[in-house]
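Presented below is the structure to which this report refers.
Number of protein chains: 2
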Amino acid sequence: MAANNTSDPDTERRRPGRKRDHDRDEAILEVALDVLAEVGYAGMTMNAVAARARAGKATFYRRWPSKSELVLEAVAQLQRRQGSLVPADTGSLRGDLLALFRPTSPSDAERQFAVMAGLASILSQDLGLADAANNAIVEPWTEANRVLLRRAIGRGEIDPAADVDTLAAILPSMAAYRAMIQRKPFDREFLAAVIDGVLLPAVRR
Amino acid sequence: MAANNTSDPDTERRRPGRKRDHDRDEAILEVALDVLAEVGYAGMTMNAVAARARAGKATFYRRWPSKSELVLEAVAQLQRRQGSLVPADTGSLRGDLLALFRPTSPSDAERQFAVMAGLASILSQDLGLADAANNAIVEPWTEANRVLLRRAIGRGEIDPAADVDTLAAILPSMAAYRAMIQRKPFDREFLAAVIDGVLLPAVRR
DNA sequence: GGGTACCGGAACTGGTCGGTATCGTTTGTC
DNA sequence: GACAAACGATACCGACCAGTTCCGGTACCC
Chain Z
3 MAANNTSDPD
13 TERRRPGRKR
23 DHDRDEAILE
33 VALDVLAEVG
43 YAGMTMNAVA
53 ARARAGKATF
63 YRRWPSKSEL
73 VLEAVAQLQR
83 RQGSLVPADT
93 GSLRGDLLAL
103 FRPTSPSDAE
113 RQFAVMAGLA
123 SILSQDLGLA
133 DAANNAIVEP
143 WTEANRVLLR
153 RAIGRGEIDP
163 AADVDTLAAI
173 LPSMAAYRAM
183 IQRKPFDREF
193 LAAVIDGVLL
203 PAVRR
Chain P
3 MAANNTSDPD
13 TERRRPGRKR
23 DHDRDEAILE
33 VALDVLAEVG
43 YAGMTMNAVA
53 ARARAGKATF
63 YRRWPSKSEL
73 VLEAVAQLQR
83 RQGSLVPADT
93 GSLRGDLLAL
103 FRPTSPSDAE
113 RQFAVMAGLA
123 SILSQDLGLA
133 DAANNAIVEP
143 WTEANRVLLR
153 RAIGRGEIDP
163 AADVDTLAAI
173 LPSMAAYRAM
183 IQRKPFDREF
193 LAAVIDGVLL
203 PAVRR
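Going line by line, the protein sequences match chains Z and P. All you need for our numbering is the position in the first sequence, starting with 1, plus 2. All you need for our numbering is the position in the second sequence, starting with 1, plus 2.
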């Protein structure tokens, strides 16, 4: 089993030369997300990202083969940083739902939807990226809502025949629509209107 | 009051030469909407639209000063063609909501959301276009839902304290989200799930 | 019939951007 | 200390595209 001298520099540690600085990876991806949120995929130029990250473009292409691959990994990092989004049990469905939007700082959720809006253009072209964006940004919220609804059913608080899957999609859908098309803030006021005007009335026994 | 010889050729009818063929306007805008729905704003090239419309680009720029102005007017035409979207009274809220998606051919609604998805990239940059798209495509649906809900209240069919504005936004929001991000069809099955699983339970007395 | 503005088509221009190559420098291994 | 790879920076290339200009031809007004 001879040593493989042509493999990835990360797994291969028999080569001379300066080591790749992995701190730069995360920093670059973070800048990419910022630019993406500000100007969208089409408006995001590699030069702009490089300049803001104080990096050379060679540093980019040593890591990712293309712009789209870089963005794909940036979205993956967004998902990683978000964590599992498991909500604390406040005792009532209403409290749980409201609490879901507190722990992550509001600017955090705001940025996620800004990134989503920036990606919107490319979603119709690149199916892989569309899935990645959906899985990274919206699906965790939907899943968290599902958990809360099931918990409320188990608690006997709401109608056990409630259509959990459809109901869980309401808040994320309206948040995405509001952020992307209407460009209005998804604030606590609107959140309360949806919870009290739609969700809770729909599930009462 | 001397005659103004430098004004728009449409309002000014004192000039010689071949008349501008206004049938071309609509045809070009229609092709633009098709291309927009297929490849999005960024992917839509003037050459491609010209080729498919069998028109020279000079014909474009004689009518609209730029690509964005052309798209803006194409969206306005989409709104014009959609009409007022006044729904027939079927006697029940459920019937009314389902009927709302029948009269316009399903491919029509499908195309509207495809255009919206194609526009998504530019919405964050161009506020005017964002408003135009919202007003042309989604707002008419929302307004139609509002009318139906108020009608059901007047009929005594549903809870008169229902939050009409928030409820009316649900179907359009979920349709837009589903078409733009999830790329799943907004079919009758999903429509029925939202109506029976969310809307009707939320408004029962 | 002469003049003019429209038509579709095509060539051209100027700018932008993804990606590559190269520079001098820095950081690591042998 | 010799070598090699990563670093930031910059110049460069090739493709693409919005917008302009020209062409030969056609419809309309006088």
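Cβ atoms here follow ideal geometry from the backbone N, Cα and C, with glycine treated the same way. As the structure is a computational prediction, the values presented were derived from the model and not from experiment.
Neighbour list for residue i in chain P, Cβ cutoff strictly below 8 Å
i	result
residue 156(Z)	Simply none; closest approach about 19 Å.
residue 169(Z)	199 and 200
residue 125(Z)	119, 122, 182, 183 and 185
residue 165(Z)	195, 198, 199 and 200
residue 85(Z)	By Cβ distance, chain P contributes nothing, its closest Cβ being about 21 Å from residue 85(Z), past 8 Å.
Counted within 10 angstroms of its Cβ, other Cβ atoms place residue i as buried (16 or more) or exposed
i	result
residue 154(P)	buried
residue 8(Z)	Note that residue 8(Z) has pLDDT 39, beneath the 50 cutoff, so the model's placement of it is unreliable and the number below is only indicative. Exposed: under 16 other Cβ atoms inside 10 Å.
residue 113(P)	buried
residue 175(P)	buried
residue 204(P)	buried
residue 71(P)	exposed
residue 2(P)	Chain P is shown only over 3 to 207; residue 2(P) falls outside these bounds and no answer can be derived.
residue 123(P)	buried
residue 99(Z)	buried
residue 126(P)	buried
residue 190(P)	exposed
residue 19(Z)	exposed
residue 194(Z)	exposed
residue 90(Z)	exposed
residue 6(Z)	The predicted model places residue 6(Z) with a pLDDT of 39, which falls under 50 and marks its position as unreliable, so this point remains unresolved.
residue 158(P)	exposed
residue 156(Z)	exposed
residue 201(P)	buried
residue 170(P)	buried
residue 102(P)	buried
residue 111(Z)	buried
residue 53(Z)	exposed
residue 3(P)	Reliability of the predicted coordinates at residue 3(P) is poor, the pLDDT of 36 falling under 50, and the value obtained from them is presented with this limitation in mind. Exposed, because fewer than 16 other Cβ atoms sit within 10 Å of the Cβ of residue 3(P).
Neighbouring residues, chain Z, relative to residue i (Cβ below 9 Å)
i	result
residue 147(P)	Chain Z residues near residue 147(P): none, gap ~13 Å exceeds 9 Å.
residue 178(P)	175, 178, 179, 182 and 183
residue 55(P)	Within chain Z, no residue comes near residue 55(P); the closest Cβ sits about 22 Å away, beyond 9 Å.
residue 140(P)	179, 183 and 184
residue 34(P)	The contacting residues do not exist; residue 34(P) stays about 16 Å from chain Z at best.
Chain Z residues whose Cβ lies nearer than 7 Å to that of residue i
i	result
residue 136(P)	183 and 184
residue 204(P)	200, 203 and 204
residue 160(P)	Going along chain Z, no residue has its Cβ under 7 Å from residue 160(P), so there is no contact; the nearest lies around 11 Å.
residue 101(P)	Under the 7 Å cutoff, chain Z gives no residues; its nearest Cβ is about 21 Å from residue 101(P).
residue 97(P)	Chain Z residues near residue 97(P): none, gap ~20 Å exceeds 7 Å.
residue 76(P)	Per Cβ cutoff of 7 Å: no residues; residue 76(P) is ~17 Å from chain Z at best.
Closer than 8 Å at the beta carbon, the chain Z residues around residue i
i	result
residue 45(P)	127
residue 29(P)	Here the premise fails: no neighbours, minimum Cβ distance about 24 Å.
Integer-rounded CB distance, given that residue j should sit under 8 Å from residue i
i	j	result
residue 85(Z)	residue 168(P)	Their Cβ separation, rounded to whole angstroms, is 30 Å, which puts residue 85(Z) and residue 168(P) out of contact at 8 Å.
residue 74(Z)	residue 131(Z)	6 Å
residue 148(P)	residue 166(P)	6 Å
residue 172(P)	residue 172(Z)	7 Å
residue 76(Z)	residue 34(Z)	4 Å
residue 179(P)	residue 119(Z)	Actually they do not touch by this definition, with Cβ atoms about 12 Å apart.
residue 46(P)	residue 115(P)	Actually they are not in contact, since the Cβ atoms of residue 46(P) and residue 115(P) sit about 17 Å apart, beyond 8 Å.
residue 2(Z)	residue 69(Z)	Here chain Z comprises residues numbered 3 to 207, so residue 2(Z) is not present and cannot be evaluated.
residue 121(P)	residue 38(P)	7 Å
residue 44(Z)	residue 50(P)	About 16 Å; that fails the 8 Å criterion.
Residues that residue i contacts on chain P, provided the C-beta gap is smaller than 9 Å
i	result
residue 111(Z)	In chain order: nothing, as chain P lies at least about 16 Å away.
residue 50(Z)	Simply none; closest approach about 15 Å.
residue 130(Z)	The contacting residues do not exist; residue 130(Z) stays about 12 Å from chain P at best.
Chain-ordered chain P contacts of residue i [CB-CB under 7 Å]
i	result
residue 19(Z)	Within 7 Å Cβ-Cβ: nothing; residue 19(Z) doesn't reach chain P, min ~40 Å.
When you compare the stretch 94-103 of chain Z with the stretch 134-150 of chain P, are there three or more beta-carbon pairs, one atom per stretch, that lie closer than 8 Å?
Contact between the stretch 94-103 of chain Z and the stretch 134-150 of chain P is absent, because fewer than three Cβ pairs lie under 8 Å.
Can we say the stretch 126-137 of chain Z touches the stretch 21-31 of chain P, given the rule of at least three CB pairs closer than 8 Å?
The stretch 126-137 of chain Z, when compared against the stretch 21-31 of chain P, does not touch it at the 8 Å Cβ threshold.
Hey, which unbroken runs of the alpha helix (DSSP H) at 4 residues or more fall wholly within the stretch 146-175 of chain P?
Complete alpha helix (DSSP H) runs here, min 4: 166-170.
Alpha helix (DSSP H) runs contained entirely in the stretch 48-123 of chain Z, provided each spans 4 or more residues
Entirely contained in the stretch 48-123 of chain Z, the alpha helix (DSSP H) runs reaching 4 residues are, in chain order, 48-55, 59-65, 69-84 and 95-102.
Are the stretch 50-62 of chain P and the stretch 148-163 of chain P touching by the rule of at least three beta carbon pairs closer than 8 Å?
The stretch 50-62 of chain P makes no contact with the stretch 148-163 of chain P, as fewer than three CB pairs between them are under 8 Å.
Counting only runs that start and end within the stretch 10-45 of chain Z, where is the alpha helix (DSSP H) found for 4 or more residues in a row?
Runs found: 24-45.
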